[in-house]
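Undergrad: Have a look at the structure that comes next, please.
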Amino acid sequence: MENWIGIGIWIVMGAAIGLAMKGLVKLPNETSGHSMILAVLGAFGAVIGGMLGVGIFEFDDPLALSLGGMVSAAVFAAFIGWTYRWGVKGLI
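Residue numbers in the sequence shown follow the numbering used here, run continuously in steps of one, and reach 93 at the last position.
Have a look at this one:
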């Protein structure tokens, strides 16, 4: 049950980080919207990053609420949000 709570925290944290990217990364000719896309991409990035972090850093005792899982979830969610804001969004 503890791992499901950790994954839920990753999802909420990733969505919040994805929405924070909208405020942090300003684009000069920005269209309105894209908040839901950023929240979903942030949550997706946090889950993938959290799983990678738990697999790499917490190999002996794999818990979602570990330091490695939380830090890598935050870093990967920020990376995915930043990539969307600067890379993919610039192509559209």
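From the three backbone atoms N, C-alpha and C, an ideal C-beta is built for every residue, glycine too.
This one's a predicted model, so the numbers in the text were calculated from it and none came from an experiment.
Report yes if the CB atom of Gly9 is closer than 7 Å to the CB atom of Ala40, and no otherwise.
TA: On the sequence shown, residue 9 is found 8 positions in, with the first residue counted as 1. On the sequence shown, residue 40 is found 39 positions in, with the first residue counted as 1. No, the Cβ-Cβ distance between Gly9 and Ala40 is not below 7 Å.
Undergrad: Got a sec? Which residues, its chain only, sit under 6 Å from Ala74 by beta carbon, not counting five neighbours each side?
TA: For the purposes of this step, residue 74 is taken as the residue at position 73 of the sequence shown. Hits under 6 Å: Trp11, Ala47, Gly50, Gly51.
Undergrad: Going by DSSP in three states, Leu66 sits in which element: helix, strand or coil?
TA: Walking along the sequence shown from the start, residue 66 turns up at place 65. Coil at Leu66, not helix or strand.
Undergrad: Do you know how far the Cα of Gly70 is from the Cα of Met22?
TA: Numbered from 1 along the sequence shown, position 21 holds the residue referred to as residue 22. Numbered from 1 along the sequence shown, position 69 holds the residue referred to as residue 70. Distance between the alpha carbons of Met22 and Gly70 is about 20 Å.
Undergrad: With a 10 Å radius around its C-beta and 16 neighbouring C-beta atoms as the bar for buried, classify Val55 as buried or exposed.
TA: Looking up residue 55 in the sequence shown gives position 54. With 16 or more other Cβ atoms within 10 Å, it is buried.
Undergrad: Could you pull out every residue in the same chain whose Cβ sits closer than 6 Å to the Cβ of Ile81, ignoring the five residues on either side in sequence?
TA: Counting from 1 along the sequence shown, the entry for residue 81 is found at position 80. Answer for Ile81: Leu42, Gly46, listed in chain order.
Undergrad: Distance, Cα to Cα, Val26 vs Ala79?
TA: For the purposes of this step, residue 26 is identified with residue 25 of the sequence shown, where counting begins at 1. For the purposes of this step, residue 79 is identified with residue 78 of the sequence shown, where counting begins at 1. If you take the alpha carbons of Val26 and Ala79, they lie about 11 Å apart.
Undergrad: In the structure shown, what three-state DSSP assignment does Phe60 receive?
TA: Counting from one through the sequence shown, the residue named residue 60 turns up at place 59. DSSP places Phe60 in coil when its eight states are reduced to three.
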